[in-house]
Amino acid sequence: MNNSNSVKNTKESKTHKMTEGNPLGTILFFAIPMILSNLFQQLYNVIDTIIVGKRLGTDALAAVGSASSITAVFVQLATGFALGGAIVIAQYFGAGKTDKIWQCMTTSTIFCAGIALVSTIGIWLGAEPILRIVNTPVDIIPIGVTYLRFYFVGCIPIFVYNALNGVYVALGDSRTPLKFLVISSVLNVILDLLFIIAFNGGVRGAALATAISQLIAACMAIADMPKLLSDFKVDKTIGFFDKELLFTMLRLGLPSALQQSIVSVGSVIVQATINGFGEAVIAGSAAATKVVNLATAIPINYSNAYSNYVGQNIGACKEERIWPGLKASFFCCGFISLMMTAVCEIFPNQIIGLFVEKNETDIEQVIAVGAAYIRVVGAFLVVFSVYMLIKATFKGSGDMSWFIMTTLLSFVIRLFLTVCFAKTVGVDIIWWSFCIGWAIALIVAAARYLQGGWRNKSIVR
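Take 23 as the starting number for the sequence shown in the working numbering and just add one per residue.
Structure below.
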């Protein structure tokens, strides 16, 4: 390998190789900042929901909950596109082939910004019809339209930040994104209080607070990116956008983006089913969803860190390090999930009660729905953690067909149970559908892991 392409061994280097050292310590060193980053992100989502519910009432909480299932489609789309670039960069970095990293970053960022622009225009033109399609109650549609349109002011920053965050993750720097998200999360809460309470901005203020904080996070990442990539040679003879690299990233990222979007569209269908049960159920579900997202943030982000560990070791031809890393991750993530399960089982009513005012007429139903949701899903958090870790092995190795298939299997089971049985069995089947989907998909994923076909999917070999 040409030495000009290798990483400089400087104390200032922000990159981190995961191909040496104790697997658990290596993964944790990388995972903890990622977990904290997402926890801050989820925490400000929770605080945002609490402020909306407490200050604007159940109708506003229900409208934001209904709209959030739509925004999730685009957030997952951004994450999926960024994943393609992250996998390519991680494997090239692990193999020491770093000459294309700058161009991977710029190509991914430009493409994601273009997709975001199209998405923003689509939402501003079609917010109301979309909300009607998902069975949103008529009296809260205007609130939902306002929230969607102003939330999507920050769509381009969301896509750009996700693309750049994928570069940080691939190169082993999880601390810098933590700094960005802490700053943007604190700013989001401050702006929430300012726009909603001080300026009486309603849901428009809540959406703008999120959009502005996302813009700040994206700007900080753009400004810091030259420092992150300062160890790598820049070939000034090549452009900022390379079609061949884009096709490689899309081969890995597009299936994931489509899969995540399909899952999110499925979530919209599930939300439409929930919407049919009325505002109280929508509000209880919206509050519980924020809690579940917070509880699942640790296994999701730990598995993302482990995925990068797999990618770098696959690229470095050190597959023997993968099983010890996975086994240690099972114990670490499983223990944390058990603690979260205990919280969800012991304090469900108190947790949901944080989101609503006591003088709301339907508060008992809101709390009952939300508490049932987090109690059921909380009992299966360990299953979810193991499932996510095994799937992460496929993602890191480049075995995207099985990563996508196991994800879609869980989603299809959830969608089938919800659509077919919610009206006859009741709303509780929606919460149980999550857990049944995770359990069945876990069995299939474990079989693929043991079969070992994922070992032959390296991109750089």
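The beta-carbon is built from N, C-alpha and C at its ideal position, and this holds for glycine as well. Just so you know, these numbers come straight off a predicted model, no measurement behind them.
Does DSSP classify residue i as helix, strand or coil?
{"i": "Ser196", "result": "coil"}
{"i": "Val398", "result": "helix"}
{"i": "Lys122", "result": "coil"}
{"i": "Val86", "result": "helix"}
{"i": "Thr158", "result": "coil"}
{"i": "Cys366", "result": "helix"}
{"i": "Val140", "result": "helix"}
{"i": "Thr318", "result": "helix"}
{"i": "Glu42", "result": "coil"}
{"i": "Ile304", "result": "helix"}
{"i": "Ile465", "result": "helix"}
{"i": "Ala338", "result": "coil"}
{"i": "Asp9", "result": "Outside the modelled stretch of the chain, which goes from 23 to 483, sits residue 9, for which no answer is possible."}
{"i": "Val332", "result": "helix"}
{"i": "Val191", "result": "helix"}
{"i": "Arg470", "result": "helix"}
{"i": "Lys30", "result": "In this prediction, Lys30 has a pLDDT of 41, which is less than 50 and means its spatial position is unreliable; nothing more can be read from the coordinates."}
{"i": "Val204", "result": "helix"}
{"i": "Leu376", "result": "coil"}
{"i": "Ile299", "result": "Note on residue identity: the sequence assigns Phe, not Ile, to residue 299. Here Phe299 sits in coil by DSSP."}
{"i": "Phe254", "result": "coil"}
{"i": "Phe217", "result": "helix"}
{"i": "Gly79", "result": "coil"}
{"i": "Asn25", "result": "Reliability fails at Asn25, whose pLDDT of 41 lies under 50, so the model's placement of it is uncertain and the value that follows must be treated cautiously. Looking at Asn25 - three-state DSSP - the assignment turns out to be helix."}
Whole-angstrom Cβ separation of residue i and residue j, contact assumed at under 8 Å?
{"i": "Gln98", "j": "Pro179", "result": "The pair is not a contact, with the Cβ atoms about 16 Å apart (cut-off 8 Å)."}
{"i": "Ile462", "j": "Ile435", "result": "6 Å"}
{"i": "Tyr409", "j": "Leu464", "result": "4 Å"}
{"i": "Arg154", "j": "Ile162", "result": "Not quite, the Cβ-Cβ distance comes to about 12 Å (not below 8 Å), so this is no contact."}
{"i": "Ala309", "j": "Ile244", "result": "Incorrect: roughly 34 Å between the Cβ atoms, too far for contact."}
{"i": "Ile123", "j": "Phe115", "result": "7 Å"}
{"i": "Asp253", "j": "Asp70", "result": "Not really, about 37 Å apart at Cβ, beyond 8 Å."}
{"i": "Ile336", "j": "Gly224", "result": "Incorrect: roughly 49 Å between the Cβ atoms, too far for contact."}
{"i": "Ile57", "j": "Asn323", "result": "5 Å"}
{"i": "Trp460", "j": "Ser423", "result": "That pair is no contact at about 20 Å."}
{"i": "Ala108", "j": "Phe181", "result": "Contact doesn't hold; Cβ gap of about 14 Å is too wide."}
{"i": "Ala228", "j": "Tyr183", "result": "Going by Cβ atoms, the distance from Ala228 to Tyr183 rounds to 19 Å, so no, they are not a contact pair."}
{"i": "Thr415", "j": "Ile344", "result": "7 Å"}
So residue i is in the alpha helix (DSSP H); what residue range does that whole segment cover?
{"i": "Thr440", "result": "Met422 to Val447"}
{"i": "Arg477", "result": "Per DSSP, Arg477 belongs to no alpha helix (DSSP H) and is neither H nor E."}
{"i": "Cys241", "result": "Gly224 to Leu250"}
{"i": "Thr414", "result": "Contrary to the premise, residue 414 reads as Ala rather than Thr in this sequence. That run of the alpha helix (DSSP H) goes Leu403 to Ser419."}
{"i": "Arg171", "result": "Ile163 to Tyr173"}
Is the shortest distance between the beta-carbon of residue i and the beta-carbons of chain D less than 8 Å?
{"i": "Gly400", "result": "In the displayed structure, chain D is absent; only one protein chain is listed."}
For the structure I just gave you, are there three or more beta carbon pairs, one from the region 199 to 218 and one from the region 235 to 249, closer than 8 Å? Contact between the region 199 to 218 and the region 235 to 249 is present, with at least three C-beta pairs closer than 8 Å.
Counting Cβ pairs, one atom from each stretch, are 3 or more of them under 8 Å apart for the region 64 to 81 and the region 128 to 148? Touching, no, given that fewer than three Cβ pairs across the two stretches are closer than 8 Å.
Report yes or no: do the region 447 to 455 and the region 385 to 403 share at least 3 C-beta pairs separated by less than 8 Å? Contact holds: three or more Cβ-Cβ distances are below 8 Å.
Answer yes if the region 363 to 378 comes into contact with the region 302 to 319, meaning at least three C-beta pairs across the two stretches below 8 Å, and no otherwise. When Cβ pairs closer than 8 Å are counted between the two stretches, the region 302 to 319 is seen to touch the region 363 to 378, the count reaching three or more.
Three-pair Cβ contact test at 8 Å for the region 195 to 206 versus the region 47 to 61: The region 195 to 206 is in contact with the region 47 to 61.
Taking 8 Å as the cut-off, does the region 347 to 367 touch the region 70 to 89 (at least 3 CB pairs, one atom from each stretch)? Under the Cβ criterion (8 Å, minimum of three pairs), the region 70 to 89 does not count as touching the region 347 to 367.
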